[in-house]
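Structure follows, in structure tokens:
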């Protein structure tokens, strides 16, 4: 049997010169394929299409990687490791020494002191990431994966802990007016960027088996109240909600006042629990055995 003759590649045919009229036609934006026309896709009328793209790009990847159960960690971008917090305080004090009567610099020192006091939460989030990461290494019977907003601070710490255990972790970044980047501990294949906050928030919670809230600002509080509202109205299945730092959260939100005023029921104030350490959080969310 004679071998099949090998095919030789032929050079692609050059496009024949077009008439000026046809050239104008094929160069027109309307001739561009819809899926290749960014100007068209970015039109206000195409918002629904963009929402689907924002959702499905991440969803398809998470399905492909077999991500089923996550622990979502929220918290401030401003809470850094103790070493970084000390350096920031020293810098603020140095700047104040140059202009000791400057009220903004005095305030900056005061804030730096408070953030140094809160910096131990970076270690707590990192330890939690390690505990979750232990289950993320196959073949664990209950595989959990850390998921965060992918930014610095508490999010970085949780991703970092999982990374140190050799486990995958997810980061969901978002496009903001000011330039920002994902933290370096997110698994590259599981690092995403969103345009819409709504889709990002959906993905943060969609596979969550527990939600852990460290001290934070508007963004963290927004996520907290959304989760509590969804639980209160039974729009999502019950899941453990942990507030890390009893003193901080009781100062930030007076839940007792809301109960006393009749704005929420006593059972609504039982939708969460307070914890201080990674081990306490791990026990509260049921560890590798599921929700407590």
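Numbering (the working numbering), first residue to last: 1 to 292.
A virtual CB, placed ideally from N, CA and C, is assigned to each residue, including glycine.
If the five residues before and after residue 243 are omitted, its C-beta is found closer than 8 Å to the C-beta atoms of 213, 224, 249, 272, 273, 274, 275, all from its own chain and listed in chain order. Annotation: the continuous alpha helix (DSSP H) that includes residue 64 extends over 47–64. Rounded to whole angstroms, the separation of the alpha carbons of residue 160 and residue 176 is 23 Å. Only residues of its own chain outside the window of five on either side were considered, and among them 51, 54 have a CB closer than 7 Å to the CB of residue 196, listed in chain order.
Between residue 61 and residue 192, the C-beta gap is smaller than 9 Å, which places the two residues in contact.
Out of 21, 114, 99, 36, the CA that lies nearest to the CA of residue 216 is found in 114. Our two residues, residue 151 and residue 100, have alpha carbons roughly 33 Å apart in a direct line. The beta carbons of residue 75 and residue 155 sit closer together than 9 Å. Looking at the DSSP output, residue 125 shares a beta bridge with no other residue.
With a contact defined as Cβ atoms closer than 8 Å, residue 209 and residue 69 qualify at about 5 Å. Less than 9 Å separates the beta-carbon of residue 26 from that of residue 18.
Here residue 129 really is in contact with residue 157; their C-beta atoms are around 7 Å apart, less than 8 Å.
The region 30–49 makes no contact with the region 162–171, as fewer than three CB pairs between them are under 8 Å.
Residue pairing by DSSP puts residue 171 in a beta bridge opposite 148, 191. Taking C-beta atoms as the reference points, residue 269 and residue 255 count as a pair closer than 9 Å. Residue 153 and residue 205 have their C-alpha atoms spaced approximately 20 Å apart.
For residue 283, the closest C-alpha among the options 241, 247, 267, 198 is that of 241.
Short of 6 Å from the beta carbon of residue 72, and not among the five residues preceding or following it, lie these beta carbons of its own chain, in chain order: 147, 204, 208, 211. Residue pairing from DSSP places residue 275 in a beta bridge opposite 244.
A direct Cα-to-Cα measurement between residue 233 and residue 199 gives close to 20 Å.
If you draw a 10 Å sphere on the C-beta of residue 162, you find 16 or more other C-beta atoms in it, and that means buried.
The DSSP-derived three-state label of residue 80 is coil.
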